[in-house]
Amino acid sequence: MSDAIAQLFANNRTWSDRMQAEDPAYFLRLVRQQAPEYLWIGCSDSRVPANQIIGLDPGKVFVHRNIANVVAHSDLNALSVIQFAVDVLQVKHILVVGHYGCGGVKAAINDEKHGLVDNWLRHVQDVRERYAGQLAQVDDFSWRHNRLCELNAIHQAINISQTTVLRDAWLRGQDVTVHAWCYSLQDGLVNDLKVSARGREDATEQARNAIARMFWMSGKRRRGTDMPVQ
Ligand code: CO
24 MSDAIAQLFA
34 NNRTWSDRMQ
44 AEDPAYFLRL
54 VRQQAPEYLW
64 IGCSDSRVPA
74 NQIIGLDPGK
84 VFVHRNIANV
94 VAHSDLNALS
104 VIQFAVDVLQ
114 VKHILVVGHY
124 GCGGVKAAIN
134 DEKHGLVDNW
144 LRHVQDVRER
154 YAGQLAQVDD
164 FSWRHNRLCE
174 LNAIHQAINI
184 SQTTVLRDAW
194 LRGQDVTVHA
204 WCYSLQDGLV
214 NDLKVSARGR
224 EDATEQARNA
234 IARMFWMSGK
244 RRRGTDMPVQ
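With my numbering as the guide, the letters of the sequence shown map in order to residues 24 to 253.
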């Protein structure tokens, strides 16, 4: 076994020992059931670990991650995760968490060529093209990049709200809210994008307002009346 892999096993044993020392019943409880209230849909980026960012232990958050936190309408993997989380686990909140500095979003903006993944990032480019006019207003790459990270998270939240899973859940009165967030690698803080939808129309209306506010705020910042653009 390589030293690197042996180290992982050593880390694992240390972690297991520590958890059991702190709480002898810890693993016994987890074995019995998982009852998470949250579904996290985030980027695969190694710098965006779901549990740590929101301070939750194993068992507390159901997680799905892929490149650029995309929820495509026909992605059986994401749809299965969402369906199981909503119908079986009955999560109360679905957190769509984009992140500033996302490499997938950057590749989508720049039309970078990385192979098969370019096809996946077409979904992000669909969002980019939808807001091409607004994004072109500012000649600053990091500004455009950050706005597309936010727009992408908001649009993936809309996509979730349009799945049969969420529509059926809301129709039967289930309490589940879809949120759009954006995480900052620079300070570890989550930015609430002000989309917390409890219905399909709710999602599109909140998204419209959030996006209008986003571009309005950015214009205000550019005129020097607010904090600098991240
Ligand atoms: Co990313």
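Where a beta carbon is used, it is the ideal one built from N, C-alpha and C, also for glycine.
All values reported here derive from a predicted model rather than from experimental measurement.
Provide the residue span of the alpha helix (DSSP H) that contains residue i, from first to last.
i, result
"His178", "164-184"
"Asn34", "26-45"
"Tyr123", "Segment: none, Tyr123 is in no alpha helix (DSSP H) and carries neither H nor E."
"His137", "Careful: His137 lies outside any alpha helix (DSSP H) and carries neither H nor E."
"Asp149", "145-153"
Confirm the yes/no value for this check: CB of residue i, any heavy atom of ligand 1, distance under 8 Å.
i, result
"Cys125", "yes"
"Asp68", "yes"
"Asn214", "no"
"Val150", "no"
"Val93", "no"
"Ile64", "no"
"Val71", "yes"
"Val128", "yes"
"His178", "no"
"His122", "yes"
"Ile234", "no"
"Ile76", "no"
"Ile28", "no"
Report whether the distance from the Cβ of residue i to the nearest heavy atom of ligand 2 is below 8 Å.
i, result
"His87", "Among the ligands modelled here, namely ligand 1, ligand 2 does not occur."
With burial defined as no fewer than 16 other Cβ atoms inside 10 Å of the residue's Cβ, what is the status of residue i: buried or exposed?
i, result
"Pro251", "The predicted position of Pro251 is uncertain, since its pLDDT is 44 and thus under 50; a value taken from the coordinates is nonetheless stated next. Looking at its Cβ environment, which holds fewer than 16 other Cβ atoms inside 10 Å, Pro251 is exposed."
"Phe32", "exposed"
"Met240", "exposed"
"Val104", "buried"
"Ser25", "exposed"
"Ala193", "Looking at the sequence shown, residue 193 is not Ala but Trp. Burial call: buried."
"Pro59", "buried"
"Phe50", "exposed"
"Leu62", "buried"
"Ser184", "buried"
"Asn35", "exposed"
"Ile28", "exposed"
"Leu99", "exposed"
"His146", "buried"
Relative to the alpha-carbon of residue i, which residue among the options has its alpha-carbon at the smallest distance?
i, options, result
"Cys66", "Asn92, Glu60, Arg190", "Asn92"
"Ile132", "Gln197, Gln148, Arg221", "Gln148"
"Val128", "Leu174, His116, Lys217, His87", "Leu174"
"Leu260", "Gln209, Trp204, Ala226, Glu45", "Past the edges of the chain, shown from 24 to 253, lies residue 260, and the structure says nothing about it."
"Ala95", "Arg70, Ile64, Tyr123", "Ile64"
"Val114", "Val86, Phe164, Ala48", "Val86"
"Gln209", "Gln43, Arg70, Ser39, Arg55", "Arg70"
"Pro81", "Ala108, Arg52, Trp143", "Arg52"
"His202", "Gln57, Thr187, Gly196, Arg223", "Arg223"
"Gln179", "Val213, Ser219, Arg41", "Ser219"
"Ala235", "Val188, Arg170, Ser207, Val120", "Arg170"
"Gln57", "His122, Lys83, Arg221, Gly211", "Lys83"
"Gly211", "Ala176, Asn89, Gly124", "Gly124"
Using a Cβ-Cβ cut-off of 9 Å, state whether residue i counts as contacting chain C.
i, result
"Gly196", "The chain inventory of the structure shown lacks chain C, comprising one protein chain alone."
At which residues does the beta strand (DSSP E) containing residue i begin and terminate?
i, result
"Leu194", "Element bounds for Leu194: not the beta strand (DSSP E) but the alpha helix (DSSP H), 187-194."
"Ala159", "Per DSSP, Ala159 belongs to no beta strand (DSSP E) and is neither H nor E."
"Leu216", "213-220"
field: Entirely enclosed alpha helix (DSSP H) segments - the region 50-123, minimum 4 residues
entry: 73-76, 99-106
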